[in-house]
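J.: Please see the structure below; I have some questions.
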Amino acid sequence: MKIDTQTYQARRERLMQSLPENSVVVVRTGELSTRSNDCEYEFRPHSSFFYLTGFPEPSAYALIHGHGDMTLVTLPKDPEKEQWDGFRFGIEGAIANFGANEAVALDELDSVAFAALDGASHVAYLFDDSTLREKIAPWRSAVAARARMGAVAPTNFIDLAPVVSEMRLRKDTEEIAIMETAAQISVEAHKQAMRTVRPGMNEYQLEAELNYVFMKSGVRQPAYNNIVASGSNACVLHYIKNDEVIEDGDLILIDAGAELGCYAADITRTFPANGKFSEPQAALYQVVLDAYHAGMEKLTVGTPYEACHNAAVRTLTEGLVTHGLLMGGVDQLIESKAYRDFYMHNTGHWLGLDVHDCGAYKISGESRLLEEGMVLTIEPGLYISADNQSVDEKWRGIGIRIEDDVQIRADGPYVLTHGLPKEIKEIEALMAENR
1 MKIDTQTYQA
11 RRERLMQSLP
21 ENSVVVVRTG
31 ELSTRSNDCE
41 YEFRPHSSFF
51 YLTGFPEPSA
61 YALIHGHGDM
71 TLVTLPKDPE
81 KEQWDGFRFG
91 IEGAIANFGA
101 NEAVALDELD
111 SVAFAALDGA
121 SHVAYLFDDS
131 TLREKIAPWR
141 SAVAARARMG
151 AVAPTNFIDL
161 APVVSEMRLR
171 KDTEEIAIME
181 TAAQISVEAH
191 KQAMRTVRPG
201 MNEYQLEAEL
211 NYVFMKSGVR
221 QPAYNNIVAS
231 GSNACVLHYI
241 KNDEVIEDGD
251 LILIDAGAEL
261 GCYAADITRT
271 FPANGKFSEP
281 QAALYQVVLD
291 AYHAGMEKLT
301 VGTPYEACHN
311 AAVRTLTEGL
321 VTHGLLMGGV
331 DQLIESKAYR
341 DFYMHNTGHW
351 LGLDVHDCGA
361 YKISGESRLL
371 EEGMVLTIEP
381 GLYISADNQS
391 VDEKWRGIGI
401 RIEDDVQIRA
411 DGPYVLTHGL
421 PKEIKEIEAL
431 MAENR
């Protein structure tokens, strides 16, 4: 799935409209990364660069000016290099396929940048890109050095991150279509894992089932490292070893999502290795599920972002009190953050080109209001450490998280990851299909 070239052009036009008059934007995609010696990782473009250009190749720069006109600086065609490493779009392809007004070879970057900065009042770039920052200063100095010859150097630098982050925060229909496709591929991968798991398997064997569905569906890589955590490993939030034997009676927490067209899905499900929740597992799972539903009710247009988290925290805390893991009044336990012994992360994050996507969560110190087109996760959980001596032994080593991807719509939240069971009976029924 691809986004139309005109959409990228419209984004560049909106970007320039949001910047001061007479601005130039410079963005860079990045380089190939070495895995070991002369072996490299598969390249993935920088998310904001890709958002503005759609250009997928490494070692590229984009200079955007005027009303959204773009000059792409890229590696030229090279038959010998392409024989070894594969196809390049080159100069002509950058114009024909990506809507560039002009394209030049990478070795012309300095001269093109000099021309773009000469006469510009403002230069906008991503301040956290140290490589680009080290280039922009000499470019400006080169322009300033020619002042006697009529050159005019820019006087102001603008961090592009807040501007492009706000643009990326609200997804258009093309983005949503890709994200829902990635979400549904991820749903099928999780279903495959639920159907396949057996006590005695290794976590990495279950991970292989996820990757099989991803690859079979055209997903070259997951959006992030797969988490396949059995037993007490589920209490490690970013557990990625995935190399222990799954025991009978374990809960398994899988946090995995596909990346499609550079857009991420992000799903977590927790289910029993043997197909049946034990009573303690079911009790805590229901608490997390109730928190999920409480948070989901707050994912509506005009509601503060943090309302979802607050609702989930209250429900989790009530459940912890009900089952004796916390003692005291719910309000006091929330105020003292006592629940954080068992729930130490937020209830969601923005989702898009990055799995933890960009965009401010607060505006002028206040939780921002949800708007139509935003996409975020909802992911309450409970994690009872195996060595937690303050709780009954039956709770120890249980880790649970339930996570879906949600689009904010005018008529209410829409779950992009629909179709994946999360009710206890639904999970057990799905797991019974192949047993």
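Just so you know, the sequence shown maps onto residues 1 to 435 in the UniProt record's numbering.
Backbone N, C-alpha and C define an ideal beta-carbon position, used for all residues, glycine too.
(1) Would you report the Cα separation of S186 and G90, rounded to the nearest angstrom?
(2) For the alpha helix (DSSP H) that contains T347, what are its first and last residues?
(3) May I ask you to report which of helix, strand or coil DSSP gives N310?
(4) Contact defined as beta carbons within less than 8 Å: I believe R401 pairs with G381. What is the distance between those atoms, to the nearest angstrom?
(5) Is DSSP giving K362 helix, strand or coil here?
(6) Taking only the alpha-carbon atoms, compute the straight-line gap between M327 and E318 and give it to the nearest angstrom.
(7) Could you tell me the distance, in whole angstroms, from the CA atom of Y383 to the CA atom of Q281?
(8) At 4 residues or longer, and completely inside the UniProt domain "Aminopeptidase P N-terminal" (3–134): list those alpha helix (DSSP H) runs for me, N to C.
(9) Look up V415 in the DSSP assignment and say whether it is helix, strand or coil.
(10) Would M16 be called buried (16 or more neighbouring beta carbons within 10 Å of its own) or exposed?
(11) Are the beta-carbon atoms of I246 and G200 separated by less than 8 Å?
(12) E175 and V213: beta carbons closer than 8 Å?
(13) Short of 8 Å in beta carbon distance, which residues of its chain neighbour A124, apart from the five on each side in sequence? Order them along the chain.
(14) Please list the terminal residues of the continuous alpha helix (DSSP H) segment that includes P162.
(15) Taking the straight line between their C-alpha atoms, what separation do you get for S364 and L126?
(16) Could you check where the alpha helix (DSSP H) with R401 kicks off and where it finishes?
(17) Report the rounded CA-to-CA distance for W139 versus G54, giving the unit in angstroms.
(18) Pull up the distance between the alpha-carbon of H190 and that of E92, whole angstroms please.
(19) Tell whether a beta-carbon distance below 8 Å holds between P58 and E31.
(20) For D172, does the three-state DSSP call read helix, strand or coil?
(21) Buried or exposed for K298, please, with buried defined as at least 16 other CB atoms from any protein chain shown within 10 angstroms of its CB.
(22) Which whole-angstrom value describes the C-beta separation of T303 and L369, a residue pair presumed to lie in contact below a C-beta threshold of 8 Å?
(23) Quick one: measure Cβ to Cβ for Y51 and L353, integer angstroms, because I've assumed they're closer than 8 Å.
(24) Hey, how far is the Cα of Y292 from the Cα of Q286?
(25) What's the gap between the Cα of L333 and the Cα of L320?
(26) Using DSSP with H/G/I as helix, E/B as strand and the rest coil, what is P280?
(27) Answer yes if the segment 147–157 comes into contact with the segment 105–123, meaning at least three C-beta pairs across the two stretches below 8 Å, and no otherwise.
(28) Which first and last residues belong to the alpha helix (DSSP H) in which D331 is found?
(29) What residues match up with R269 in a beta bridge as DSSP calls it?
(30) Could you check the C-alpha separation between E349 and L63 for me, to the nearest Å?
(31) In this structure, does DSSP put R146 in helix, strand or coil?
T.: From the atom records:
(1) Indexing the sequence shown from 1 puts residue 186 at position 186. Indexing the sequence shown from 1 puts residue 90 at position 90. If I take the Cα positions, the gap works out to 34 Å.
(2) As a working mapping, residue 347 is identified with position 347 in the sequence shown. The continuous stretches of alpha helix (DSSP H) do not include T347, and DSSP gives it neither H nor E.
(3) Here residue 310 refers to the residue found at position 310 of the sequence shown. Here N310 sits in helix by DSSP.
(4) Numbered from 1 along the sequence shown, position 401 holds the residue referred to as residue 401. Numbered from 1 along the sequence shown, position 381 holds the residue referred to as residue 381. Taking a contact as a CB-CB distance under 8 Å, the pair R401 and G381 counts as one, their CB atoms being some 4 Å apart.
(5) On the sequence shown, position 362 is the one that residue 362 refers to. In the displayed model, K362 falls within a strand according to three-state DSSP.
(6) For this step, residue 327 is matched to residue 327 along the sequence shown. For this step, residue 318 is matched to residue 318 along the sequence shown. Those two C-alpha atoms are separated by around 10 Å.
(7) The residue labelled residue 383 in the question sits at position 383 within the sequence shown. The residue labelled residue 281 in the question sits at position 281 within the sequence shown. When rounded, the separation of the alpha-carbon atoms in Y383 and Q281 is 11 Å.
(8) Runs found: 5–17, 47–53, 79–85, 90–98 and 109–117.
(9) Here residue 415 is taken as the residue at index 415 of the sequence shown, counted from 1. Strand.
(10) Along the sequence shown, read from residue 1 onward, the residue named residue 16 stands at position 16. M16 counts as buried, since no fewer than 16 other beta carbons sit within 10 angstroms of its beta carbon.
(11) Counted from its first residue, the sequence shown places residue 246 at position 246. Counted from its first residue, the sequence shown places residue 200 at position 200. For the pair I246 and G200, the CB atoms are nearer than the 8 Å cut-off.
(12) Position 175 of the sequence shown, counted from the start, is the residue given in the question as residue 175. Position 213 of the sequence shown, counted from the start, is the residue given in the question as residue 213. Going by C-beta atoms, E175 is not nearer than 8 Å to V213.
(13) The residue given as residue 124 occupies position 124 in the sequence shown. Once the five neighbours on either side are set aside, the close Cβ partners of A124 are L19, S23, V24, V25, V26, F157, I158, D159, L160 and V163.
(14) Position 162 of the sequence shown holds residue 162. Segment A161 to L169, the alpha helix (DSSP H) holding P162.
(15) The sequence position of residue 364 within the sequence shown is 364, counting from 1. The sequence position of residue 126 within the sequence shown is 126, counting from 1. So the alpha carbons of these two residues sit roughly 22 Å apart.
(16) Locating residue 401 in the sequence shown gives position 401, where the first residue counts as 1. Where R401 is concerned, there is no enclosing alpha helix (DSSP H), although the beta strand (DSSP E) it sits in stretches over G399 to R401.
(17) Along the sequence shown, read from residue 1 onward, the residue named residue 139 stands at position 139. Along the sequence shown, read from residue 1 onward, the residue named residue 54 stands at position 54. Going by the C-alpha atoms only, they are around 26 Å apart.
(18) For the purposes of this step, residue 190 is taken as residue 190 along the sequence shown, with counting starting at 1. For the purposes of this step, residue 92 is taken as residue 92 along the sequence shown, with counting starting at 1. Distance between the alpha carbons of H190 and E92: 42 Å.
(19) Within the sequence shown, the letter at position 58 stands for residue 58. Within the sequence shown, the letter at position 31 stands for residue 31. Contact: yes.
(20) For this step, residue 172 is matched to residue 172 along the sequence shown. The answer is coil: DSSP assigns D172 none of H, G, I, E or B.
(21) The residue given as residue 298 occupies position 298 in the sequence shown. Of the other Cβ atoms in all chains shown, 16 or more fall within 10 Å of the Cβ of K298; this residue is therefore buried.
(22) Counted from its first residue, the sequence shown places residue 303 at position 303. Counted from its first residue, the sequence shown places residue 369 at position 369. Their Cβ separation, rounded to whole angstroms, is 7 Å, which keeps T303 and L369 in contact under 8 Å.
(23) On the sequence shown, position 51 is the one that residue 51 refers to. On the sequence shown, position 353 is the one that residue 353 refers to. That belief holds up - the Cβ atoms of Y51 and L353 are roughly 6 Å apart, short of 8 Å.
(24) Here residue 292 refers to the residue found at position 292 when the sequence shown is read from its first residue. Here residue 286 refers to the residue found at position 286 when the sequence shown is read from its first residue. Y292 and Q286 have their C-alpha atoms roughly 10 Å apart.
(25) Translated into positions along the sequence shown, residue 333 becomes position 333. Translated into positions along the sequence shown, residue 320 becomes position 320. L333 and L320 have their alpha carbons spaced roughly 10 Å apart.
(26) Here residue 280 refers to the residue found at position 280 of the sequence shown. DSSP, read as helix, strand or coil, puts P280 in helix.
(27) Verdict: yes, contact present.
(28) As a position in the sequence shown, residue 331 is number 331, starting the count at 1. D331 -> alpha helix (DSSP H) spans V330 to E335.
(29) In the sequence shown, the residue the question calls residue 269 occupies position 269. Beta-bridge annotation (DSSP): R269 is paired with I254.
(30) The residue labelled residue 349 in the question sits at position 349 within the sequence shown. The residue labelled residue 63 in the question sits at position 63 within the sequence shown. Strictly speaking, residue 349 in this sequence is His, with Glu absent from that position. Straight through space, the alpha carbons of L63 and H349 are spaced by roughly 31 Å.
(31) By 1-based counting over the sequence shown, the position of residue 146 is 146. DSSP places R146 in coil when its eight states are reduced to three.
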